[in-house]
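Working notes, beginning with the structure itself.
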Amino acid sequence: MRKKSLVSSLMVLGLFVMAQVSGAQSQAPPAPAAGVEKKAGVPEDPKKHTSLGLYVSAKEAYEMWQKDKANIKIVDCRTPEEYVFVGHAPMARNVPGHFVTYQYDTEKKDYRLKENPRFVKEIKSFYQPTDTLLLMCRSGHRAAACIERLAKAGFTRVYNIHDGFEGDKVTDKKDPNYGKRTKNGWKNSGIPWTYDLDPELMYLPKGTKK
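Residue numbers (mature numbering (1 follows the signal peptide of the UniProt record, and there is no 0)): -19 to -1, 1 to 191.
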């Protein structure tokens, strides 16, 4: 009799445990739908996202270029001032997506920028819509905006170098480099960069002599 009672108790306990497990599973968040799960390599910052969905880090971009220099083209879409005075990748062509206005933006506490209205036309003067382009700005935001302009113009293989040339700012307030762009980016990745200017790659407005 005692044995039957013990068996009954174990069965009740087993049913209780199963119910708890089932309840926990029903409360778990649903699995992401097919096709909407986060892809590897997609930057967390939505301002760096593009409709083409192509992303590489600065180091990955350099490795891609090394493997196929004839077909992989790196474009620096920063202002000419940044390209000259901050430095640039030796193989990167400067086609600015924006220009400095030298008007102070009180909200951003920086100079205002204005779009280069000839950006797409200037890109088309060097590249075909089917070419593989790797676009780089300071930290991935302006490059994303430039890629959208190119995508609307029919370009299909344009990657955002999502950490840019200078990289993202350090956000840890305890870090001595807090607020500085030292955590990633081309300049901080141990890959070649230079201040030297190549007239064939630097930005020269139409009609300017080399």
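All C-beta atoms in this analysis are idealised placements derived from N, C-alpha and C, irrespective of residue type, glycine included.
Rounded to the nearest angstrom, the Cβ distance from P77 to N97 is 5 Å, consistent with a contact under 8 Å.
If the five residues before and after K28 are omitted, its C-beta is found closer than 6 Å to the C-beta atoms of H122, all from its own chain and listed in chain order.
Between K40 and G171, the C-beta spacing is below 9 Å.
The beta carbon of K48 is closer than 7 Å to none in its chain, skipping five residues each way along the sequence. The segment 128 to 164 contains, as complete beta strand (DSSP E) runs of 3+ residues, the segments 139 to 142 (chain order). Beta-bridge partners of T111 (DSSP): none assigned. Between the beta-carbon of A73 and that of V101 there is about 18 Å, and that puts the pair past the 8 Å contact cut. Counting only runs of 3 or more residues that sit fully inside the segment 20 to 70, the beta strand (DSSP E) segments are 53 to 57, in chain order.
Around the CB of D149, 16 or more other CB atoms lie within 10 Å, so the residue is classed as buried.
Judged by DSSP in its simplified three-state form, K168 adopts helix. In the DSSP assignment, E96 falls within the unbroken beta strand (DSSP E) covering D91 to E96.
Sequence-distant partners of Y159 (beyond 5 residues in either direction) whose C-beta falls short of 7 Å from its own C-beta, in its chain, are V151 and D153. The shortest CA-to-CA distance from E62 to any of Y83, N52 and K105 is the one to Y83. CA-CA distance, V67 to H79, rounds to 16 Å. With contacts defined as CB atoms closer than 9 Å, E181 and W167 fail to qualify as a contacting pair. For V76, no alpha helix (DSSP H) run applies, since DSSP gives it neither H nor E.
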